[in-house]
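S.K.: Let me give you the structure first, and then I'll get to my questions.
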Amino acid sequence: MIQLEGVNKHFGHLHVLKNIDLTVKSGEKLVVIGPSGSGKSTLIRCMNLLEKPSSGKVTVDGVEITAHKALVAKVRQSVAMVFQQFNLYPHKTVLENLTLAPILIKKVSQAEAAEAGLAYLERVGLKEKANVYPSQLSGGQQQRVAIARALAMRPKIMLFDEPTSALDPEMIQEVLDVMVDLAHEGITMVVVTHEMGFAKTVADRVIFMDDGQIVEENTPKCFFENPTHERTKSFLSRILR
Amino acid sequence: MVGPFAWFKWEALFRDWTVLAEGFKTTIMVAILSLALALILGIVFGVLGTSQWTLAKLVSRVYVEFIQNTPLVIQVFFLYHGLPHMGVMLPVFTVGVLGVGVYHGAYIAEVVRAGINSIHKGQMEAALSQGFSFWGAMRHVILPQASRVVIPPLTNQAVNLIKNTSVMAMVAGGDLMYRADSWSSDNLYYGPAYVVVGLLYLLLCLPLATLTRRFEGKTGVSA
Chain R
69 MIQLEGVNKH FGHLHVLKNI DLTVKSGEKL VVIGPSGSGK STLIRCMNLL
119 EKPSSGKVTV DGVEITAHKA LVAKVRQSVA MVFQQFNLYP HKTVLENLTL
169 APILIKKVSQ AEAAEAGLAY LERVGLKEKA NVYPSQLSGG QQQRVAIARA
219 LAMRPKIMLF DEPTSALDPE MIQEVLDVMV DLAHEGITMV VVTHEMGFAK
269 TVADRVIFMD DGQIVEENTP KCFFENPTHE RTKSFLSRIL R
Chain F
10 MVGPFAWFKW EALFRDWTVL AEGFKTTIMV AILSLALALI LGIVFGVLGT
60 SQWTLAKLVS RVYVEFIQNT PLVIQVFFLY HGLPHMGVML PVFTVGVLGV
110 GVYHGAYIAE VVRAGINSIH KGQMEAALSQ GFSFWGAMRH VILPQASRVV
160 IPPLTNQAVN LIKNTSVMAM VAGGDLMYRA DSWSSDNLYY GPAYVVVGLL
210 YLLLCLPLAT LTRRFEGKTG VSA
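Structural data, given as structure tokens:
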């Protein structure tokens, strides 16, 4: 579903991704963890080309999006992203946030988009907030709307870039619940997170990144119980007390 | 009493009121059309100025700096006196619209650029990640938000633009300023002519300026 081959990314003198090879299978739930600055956000942002790799190949759903003149916008319609800062459209109501792209990009009718939008809002438990503006919602509620907005495009792949890192602690669980619920479906998920509980219960595979490289990858059980690499061990010991 | 504001001079002006009325109409027409042109140029070059594409940025930069750093009068003289030497004869009305429009387009481009830059970059990323093109994201996500920020400085530009249409007086433009000038140069009744014309500009500009303050109050609360 997603394939990265020899991907490098430089920001000026910083070598943020070092020759990454990674394949995500259809329906797989992949969790990416690692210290901040390890390149995990850059990695996930390469998967929808919000970050353009300096070199290497990225193929998503059979389309090489790093190719010259690739139809990136077309591919992005089926690759939804949920951001750390939610990035809801503040000038639109909650429901309009969900219907904007389906109506304008997928040419779904207004009525159909609204109906589907309400169904997705119900799914994240926020149907009654359909007509308010994002600024009137709590952080947790905004992130749930952002997830509903992502779902409204009926994506094949969902990318989560630290979806709970900007939330107050008491709001993290409501967002994770929605994500766990999603994970039970066939959708392909790549999640950058510090929520180890989520990784343990949901992930098919966990990868640990440090210094722009994938240091270790394994099933969550093996990963958390028997980390082989020194750097993984020290990271886990700091994060799991 | 004979002075610059002698009563018979006012009488003469009011007798010939159609002269100023014609000029007033021309000034309003030029203002509206050049504002439309300035807005189009301002949005296009303002957006180009924020793009990642180096060439687009450069083109926008050159336009803005070149226009902002040369006098409007010279630009209008170029259109009126210069272009005919290259075989392009423009009617003076068009010279006014083009000159003032291109001039204020450069200022509006800077206003638009600043407005776009004030919107968090996550907004563009969210729109792109949903499959919007760059221009689609601009149109539906970024510009609607930026417009709230730029409306006060934009009305300010509109006020300046109206006043600057008076540059047409220098190329026999038929606008308000020119009419007052030519009418009073015949009879030397400058006093009443300039006062009335000044008040007419005030009549056009003051409501806009008041509107600006109203907007500023609003965005201050809801930003």
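Sequence lines, in order, name chains R and F. Numbering follows the numbering used here, with no gaps: position 183 of the first sequence is 251. Numbering follows the numbering used here, with no gaps: position 119 of the second sequence is 128. Each residue gets a CB set at the ideal place from its N, CA and C atoms; glycine is no exception.
Measuring alpha carbon to alpha carbon, tell me which residue in R:S203, R:C290, R:G193 is nearest R:M247.
M.R.: The residue labelled residue 247 of chain R in the question sits at position 179 within the first sequence. Residue R:G193 is the option with its Cα nearest to R:M247.
S.K.: Just verifying my parser: in three-state terms, what is the DSSP assignment at F:Q61?
M.R.: Reading the second sequence from its first residue, position 52 is the one you call residue 61 of chain F. If DSSP states are grouped into helix, strand and coil, F:Q61 belongs with coil.
S.K.: In the DSSP assignment, what residue or residues form a beta bridge with R:D278?
M.R.: Translated into the one-based positions of the first sequence, residue 278 of chain R becomes position 210. DSSP output for R:D278 lists R:Q281 as bridge partner(s).
S.K.: Can you tell me the Cα-Cα spacing of F:G229 and F:G12, whole angstroms?
M.R.: Within the second sequence, numbered from 1, the residue matching residue 229 of chain F stands at position 220. Within the second sequence, numbered from 1, the residue matching residue 12 of chain F stands at position 3. Because the pLDDT at F:G229 is just 46, under 50, the model does not fix this residue reliably, and the value given afterwards should be weighed accordingly. Cα to Cα, the separation comes out at about 49 Å.
S.K.: How would you label R:T300, buried or exposed, when you count the other beta carbons within 10 angstroms and need 16 or more for buried?
M.R.: Stepping through the first sequence from its first residue, residue 300 of chain R is reached at position 232. Here R:T300 is buried. Its C-beta has 16 or more other C-beta atoms within 10 Å.
S.K.: Hey, would you say F:G105 sits closer than 9 Å to F:V28, going by beta carbons?
M.R.: Here residue 105 of chain F is taken as the residue at index 96 of the second sequence, counted from 1. Here residue 28 of chain F is taken as the residue at index 19 of the second sequence, counted from 1. No.
S.K.: When DSSP builds the beta bridges, which residues end up paired with R:L163?
M.R.: Against the first sequence, residue 163 of chain R aligns to sequence position 95. Partner(s): none; R:L163 has no beta bridge.
S.K.: Determine, using beta carbons only, whether F:F14 comes closer than 9 Å to chain B.
M.R.: Any reference to chain B falls outside this structure, whose protein chains are R and F.
S.K.: Taking just the CA atoms, how far does R:R144 sit from F:L185?
M.R.: Residue numbering aside, residue 185 of chain F sits at position 176 when the second sequence is read from its first letter. Residue numbering aside, residue 144 of chain R sits at position 76 when the first sequence is read from its first letter. Rounded to whole angstroms, F:L185 to R:R144 spans 55 Å at the Cα level.
S.K.: For R:H83 and R:A182, I'd like the C-alpha separation in whole angstroms.
M.R.: Here residue 83 of chain R is taken as the residue at index 15 of the first sequence, counted from 1. Here residue 182 of chain R is taken as the residue at index 114 of the first sequence, counted from 1. Distance between the alpha carbons of R:H83 and R:A182 is about 44 Å.
S.K.: Which residue marks the beginning of the alpha helix (DSSP H) containing R:D272, and which one marks its end?
M.R.: In the first sequence, counting from the first residue as 1, residue 272 of chain R sits at position 204. Looking at the DSSP string, R:D272 is not in any alpha helix (DSSP H), and its letter there is neither H nor E.
S.K.: For R:L205 versus R:M115, is the C-beta spacing smaller than 9 Å?
M.R.: Counted from its first residue, the first sequence places residue 205 of chain R at position 137. Counted from its first residue, the first sequence places residue 115 of chain R at position 47. Cβ distance not < 9 Å, so R:L205 and R:M115 don't count as in contact.
S.K.: Tell me the rounded alpha-carbon separation between R:H81 and F:K66.
M.R.: Indexing the first sequence from 1 puts residue 81 of chain R at position 13. Indexing the second sequence from 1 puts residue 66 of chain F at position 57. Rounded to whole angstroms, the gap between the alpha carbons of R:H81 and F:K66 is 24 Å.
S.K.: Do the region 49-63 of chain F and the region 117-135 of chain F touch if we need at least three Cβ pairs shorter than 8 Å?
M.R.: yes
S.K.: Using CA atoms only, rank isn't needed, just tell me which of F:T174, F:D195, F:S191, F:I76 is closest to F:L213.
M.R.: As a working note, residue 213 of chain F is residue 204 in the second sequence. Among F:T174, F:D195, F:S191, F:I76, the Cα nearest to that of F:L213 belongs to F:T174.
S.K.: On a CA-only basis, which of R:E285, R:D229, R:L244, R:E298 is nearest R:S104? Give me that one, please.
M.R.: Numbered from its first residue, the first sequence carries residue 104 of chain R at position 36. With distances taken between Cα atoms, R:S104 lies closest to R:D229.
S.K.: How many Å lie between F:G183 and F:Y210 at the Cα?
M.R.: On the second sequence, position 174 is the one that residue 183 of chain F refers to. On the second sequence, position 201 is the one that residue 210 of chain F refers to. Answer to the nearest angstrom: the Cα atoms are 15 Å apart.
S.K.: Tell me which residues share the same chain as R:T127 and place their Cβ nearer than 6 Å to its Cβ, disregarding the 5 neighbours each side in the sequence.
M.R.: What you label residue 127 of chain R is simply residue 59 of the first sequence in a count that begins at 1. For R:T127, where only same-chain residues beyond five positions count, the Cβ hits under 6 Å are Q71.
S.K.: For R:G185 and R:R191, what's the separation of their Cα atoms in angstroms?
M.R.: Within the first sequence, the letter at position 117 stands for residue 185 of chain R. Within the first sequence, the letter at position 123 stands for residue 191 of chain R. Roughly 10 Å separates the two Cα atoms.
S.K.: Which partner residues does R:K97 have in the DSSP bridge list?
M.R.: The count along the first sequence starts at 1 and reaches residue 97 of chain R at position 29. The partner list for R:K97 (beta bridge, DSSP) reads R:M257.
S.K.: Please confirm if F:F141 has its CB atom under 9 Å from at least one CB of chain R.
M.R.: Start at 1 with the first residue of the second sequence, and residue 141 of chain F comes out as number 132. True, the Cβ-Cβ gap to chain R drops below 9 Å.
S.K.: Does DSSP classify F:F143 as helix, strand or coil?
M.R.: Against the second sequence, residue 143 of chain F aligns to sequence position 134. It is helical.
S.K.: Listing by chain order, which chain R residues have their CB less than 9 Å from the CB of F:G183?
M.R.: Here residue 183 of chain F refers to the residue found at position 174 of the second sequence. Ordered by position in chain R, no residue passes the 9 Å Cβ test against F:G183, which lies about 42 Å from the chain.
S.K.: Would you decide whether F:D190 is buried or exposed? Buried here means 16 or more other CB atoms lie within 10 Å of its CB.
M.R.: The sequence position of residue 190 of chain F within the second sequence is 181, counting from 1. By the 10 Å Cβ count, F:D190 comes out buried.
S.K.: Look up R:I173 in the DSSP assignment and say whether it is helix, strand or coil.
M.R.: Position 105 of the first sequence, counting from 1, holds the residue named residue 173 of chain R. DSSP places R:I173 in coil when its eight states are reduced to three.
S.K.: Name the residues in the region 187-202 of chain F whose C-beta lies less than 9 Å from a C-beta of chain R; which are they?
M.R.: none
S.K.: Using a Cβ-Cβ distance under 9 Å, would F:Q154 count as near chain R?
M.R.: The residue labelled residue 154 of chain F in the question sits at position 145 within the second sequence. Yes, its Cβ sits closer than 9 Å to a Cβ of chain R.
S.K.: What first and last residue would you give for the alpha helix (DSSP H) that runs through F:M186?
M.R.: Locating residue 186 of chain F in the second sequence gives position 177, where the first residue counts as 1. Start and end: 185-196.
S.K.: On the criterion of 16 or more Cβ atoms from any shown chain inside 10 Å, does R:P237 qualify as buried, or is it exposed?
M.R.: The residue you call residue 237 of chain R lines up with position 169 of the first sequence. Burial call: exposed.
S.K.: Does the distance from the CB of R:Q153 to the CB of F:G131 come in under 9 Å?
M.R.: In the first sequence, residue 153 of chain R corresponds to position 85, counting from 1. In the second sequence, residue 131 of chain F corresponds to position 122, counting from 1. Closer than 9 Å, so yes.
S.K.: Assuming R:V260 contacts R:I112 under a Cβ cut-off of 8 Å, what Cβ separation, rounded to an integer in Å, is found between them?
M.R.: What you label residue 260 of chain R is simply residue 192 of the first sequence in a count that begins at 1. What you label residue 112 of chain R is simply residue 44 of the first sequence in a count that begins at 1. Rounded to the nearest angstrom, the Cβ distance from R:V260 to R:I112 is 5 Å, consistent with a contact under 8 Å.
S.K.: For R:A187 and R:I215, what's the separation of their Cα atoms in angstroms?
M.R.: Locating residue 187 of chain R in the first sequence gives position 119, where the first residue counts as 1. Locating residue 215 of chain R in the first sequence gives position 147, where the first residue counts as 1. Answer to the nearest angstrom: the Cα atoms are 13 Å apart.
S.K.: So what's R:K289 in DSSP terms, helix, strand or just coil?
M.R.: Here residue 289 of chain R corresponds to residue number 221 of the first sequence, with the count starting at 1. Three-state DSSP puts R:K289 in a helix.
S.K.: State the beta-bridge partners of R:I88 as determined by DSSP.
M.R.: Translated into positions along the first sequence, residue 88 of chain R becomes position 20. Answer is R:V75, bridged to R:I88.
S.K.: Am I right that F:N169 and F:H94 are in contact with their C-beta atoms under 8 Å? What's the rounded C-beta distance?
M.R.: Numbered from its first residue, the second sequence carries residue 169 of chain F at position 160. Numbered from its first residue, the second sequence carries residue 94 of chain F at position 85. 30 Å between Cβ atoms; not a contact.
S.K.: Considering only residues of the same chain and omitting the five flanking positions on each side of F:A232, which have a CB-CB separation below 6 Å?
M.R.: The sequence position of residue 232 of chain F within the second sequence is 223, counting from 1. The predicted model places F:A232 with a pLDDT of 35, which falls under 50 and marks its position as unreliable; any figure quoted below should be read in that light. Taken in chain order, the list of residues that qualify is empty.
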